[in-house]
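Remarks on the structure that follows.
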Amino acid sequence: MTTRLITTRQDRGQAIAKLEGQIKRIDANTYEVLSQSGNGTYEVLNTSIGWMCQCPDHVYRGVKCKHIHAVLISQAVRAEVAIRRIKPITSVTECIYCGSTDLKKDGLRKNKSGAIQKFKCRTCKRYFSFNIGFEKMKHNPQAVTTAMQLYFSGESLRNTQKSLRLLGVEVSHKTVFMWIRKYVKLMKAYANKIVPNVSDAWRADEIRFKVRGNMKYLFAVMDDETRYWIAQEVADRKHSHDCFNLFEQSKNLMGKQPRTIITDGLYSYAVAAEVVLDEAKHIRHVRLQGDVHNNKMERMNGEIRDREKTMRGLKTKNTEVFQGMQIYHNFIREHQALGKTPAEACGIQVEGKNKWLTLIQNASKS
Ligand SMILES: [Zn+2]
Ligand SMILES: [Zn+2]
981 MTTRLITTRQ DRGQAIAKLE GQIKRIDANT YEVLSQSGNG TYEVLNTSIG WMCQCPDHVY
1041 RGVKCKHIHA VLISQAVRAE VAIRRIKPIT SVTECIYCGS TDLKKDGLRK NKSGAIQKFK
1101 CRTCKRYFSF NIGFEKMKHN PQAVTTAMQL YFSGESLRNT QKSLRLLGVE VSHKTVFMWI
1161 RKYVKLMKAY ANKIVPNVSD AWRADEIRFK VRGNMKYLFA VMDDETRYWI AQEVADRKHS
1221 HDCFNLFEQS KNLMGKQPRT IITDGLYSYA VAAEVVLDEA KHIRHVRLQG DVHNNKMERM
1281 NGEIRDREKT MRGLKTKNTE VFQGMQIYHN FIREHQALGK TPAEACGIQV EGKNKWLTLI
1341 QNASKS
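Residue numbering for the sequence shown follows my numbering, starting at 981 and increasing by one per position.
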């Protein structure tokens, strides 16, 4: 008897999960499920003692009701979405000039910081080296990607330059910055074409930072569940900043609207959300120290603060710095709470030991 009842509740939950618009995700631990008898909605909460629902079945019988089943099933469906793999390109199969596959390895080409495999095409008799994304660079991929890792994990340009010197790479800090701008631009254009599987609850927040004594604000939108950094914009002012473009960008890049947009209550978010994210419920979350909203944006705050110390001397309009931070945040650095990168949480797996290299190679080929 009991077994049959549980099966029935699970089946009903499955039926609810299959229908459009029955479950609304408020955040990772809060859902609203439409009452199937048409009497409003039930709140389904993930608490320290397990999932709770407001419906009579759960409240009076203490059972896992169909609403809880529906939420759990809808979560499982999201998790099953196919993973997109971005693989390193480790070998060359055809001539870059004529496309012939009749190639011969022709020793190594030495440059200032390492060696690169050279090839001779037996068909057109031309030589080329395997160096996707770094074709005209005097320095090898290792030097360039090491510089990016150092810089985006918080080192100053000068420290990055000094560390490179220890590896035998002699470049000025201006050259390092040139590399960063060039490759961030390339990777950003590539990243914009990838649509991550973000959740239906997004957060918008602004982070203060100073450049040469002037206060600036980074407005950012982040996915609540995966912490994927969706879009951003640098502004001179906080209260009078127009957030239309920020939300428009977010919607276009993700190819959808969220069902919930959580903000700190800044008026400009409300104005823009009402027009641009018109399908979303806007939740104004007044910030309290140590609260959830704050914690979720906290890491990004830390990333900006680290950067702030090293940004003196740079112009803020160097948006590549923020775009690079965004790439580092989404694709490179593992998020402690998630145990994976935000991109991985969204079904995008960048493979290879050197993820910078994998991204640059794929960005150059696309
Ligand atoms: Zn219920
Ligand atoms: Zn050829």
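Using N, Cα and C, we set each Cβ at its ideal position, and we do this for glycine too.
Open item on the list: I need the residues with a C-beta less than 5 angstroms from some heavy atom of ligand 2; please give them in chain order.
Closed with: In chain order, the residues that have a beta carbon nearer than 5 angstroms to some heavy atom of ligand 2 are C1075, Y1077, C1078, S1080, C1101, T1103, C1104.
Task: Simplified DSSP state of S1093, which is helix, strand or coil - done: Only weak support is given to the placement of S1093: the predicted model assigns it a pLDDT of 49, under 50, and the value that follows is read from those uncertain coordinates. In the structure shown, S1093 sits in coil (DSSP, three-state: anything other than H, G, I, E or B).
TODO: Answer yes if the region 1010-1021 comes into contact with the region 1061-1079, meaning at least three C-beta pairs across the two stretches below 8 angstroms, and no otherwise.
DONE: Touching, no.
TODO: For my contact list, M1231 and V1251 are in at a C-beta cut-off of 8 angstroms; report their separation, rounded to the angstrom.
DONE: The amino acid at residue 1231 is misidentified as Met; the sequence shows Lys. K1231 to V1251, Cβ: 16 angstroms. No contact.
Open item on the list: Taking 7 angstroms as the cut-off, is the beta-carbon of Y1022 closer than that to any non-hydrogen atom of ligand 1?
Closed with: The nearest non-hydrogen atom of ligand 1 is less than 7 angstroms from the C-beta of Y1022.
Task: Between the CA atoms of A1008 and W1031 - distance to the nearest angstrom - done: If I take the Cα positions, the gap works out to 12 angstroms.
Task: CB contact flag (P1238, D1180, <8 angstroms) - done: In contact: P1238 and D1180 (Cβ atoms closer than 8 angstroms).
- [ ] Compute the distance between the beta-carbons of M1167 and A1343, then report whether it is under 8 angstroms.
- [x] Yes.
TODO: Measure the C-alpha to C-alpha separation of T1420 and V1164 and round it to an integer number of angstroms.
DONE: The requested residue 1420 is not part of the displayed model; the chain covers only 981 to 1346.
Task: Extent of the continuous alpha helix (DSSP H) run through H1038 - done: Judged by DSSP secondary structure, H1038 falls within the alpha helix (DSSP H) whose first and last residues are 1036-1041.
TODO: State the DSSP-derived secondary structure class of H1347, mapped to helix, strand or coil.
DONE: Any property of residue 1347 remains undetermined from this structure, which presents the chain solely from 981 to 1346.
- [ ] Report yes if the C-beta distance between F1099 and V1072 is below 8 angstroms; otherwise report no.
- [x] Contact flag set, yes.
Open item on the list: Can you tell me whether N1019 is buried or exposed? The criterion is at least 16 other CB atoms within 10 Å of its CB, across all chains shown.
Closed with: N1019 is exposed by the Cβ-count criterion.
Task: Span of the alpha helix (DSSP H) around V1151 - done: Looking at the DSSP string, V1151 is not in any alpha helix (DSSP H), and its letter there is neither H nor E.
Open item on the list: Using the Cβ count rule (16 or more neighbours within 10 Å means buried), how would you classify M981?
Closed with: In this predicted model, M981 has a pLDDT of only 44, less than 50, meaning its place in the structure is not dependable; the value taken from the coordinates is given anyway. Residue burial is scored here from C-beta neighbours: M981 has fewer than 16 other C-beta atoms within 10 angstroms and is therefore classed as exposed.
- [ ] Assign M1234 to one of three DSSP states: helix, strand, or coil.
- [x] Residue state, collapsed to three classes: helix.
Open item on the list: Which residue marks the beginning of the alpha helix (DSSP H) containing N1342, and which one marks its end?
Closed with: Unbroken alpha helix (DSSP H) run through N1342: 1335-1345.
Open item on the list: Any heavy atom of ligand 1 inside 7 angstroms of the beta-carbon of I1006?
Closed with: Answer for I1006: no, Cβ out of range of ligand 1.
Open item on the list: In this structure, how does DSSP classify Q1303 when only helix, strand and coil are distinguished?
Closed with: DSSP places Q1303 in helix when its eight states are reduced to three.
Task: T1321 classed as buried or exposed, judged by whether at least 16 other C-beta atoms fall within 10 angstroms - done: Its Cβ being crowded by 16 or more others within 10 Å, T1321 is buried.
Task: Given 8 angstroms, three or more beta-carbon pairs between the region 1108-1123 and the region 1135-1143 - done: In short, these stretches do not touch, since the Cβ pair count stays below three.
TODO: Reducing DSSP to helix, strand and coil, say where G1270 ends up.
DONE: Caution is warranted here: a pLDDT of 49 is assigned to G1270, below 50, making its placement in the model unreliable, and no coordinate value can be reported.
Open item on the list: So, does the region 1197-1212 touch the region 1322-1340, judging by three or more C-beta pairs under 8 angstroms?
Closed with: With three or more CB-CB distances shorter than 8 angstroms, the region 1197-1212 counts as touching the region 1322-1340.
- [ ] Please go through the region 1182-1238 and give each complete beta strand (DSSP E) segment of 3 or more residues, from N-terminal end onward.
- [x] If one requires a minimum length of 3 residues, the beta strand (DSSP E) runs lying completely within the region 1182-1238 are 1194-1203, 1209-1215, in chain order.
Task: CA-to-CA distance, M1234 to V1178, given in whole angstroms - done: Between V1178 and M1234, the C-alpha separation is close to 8 angstroms.
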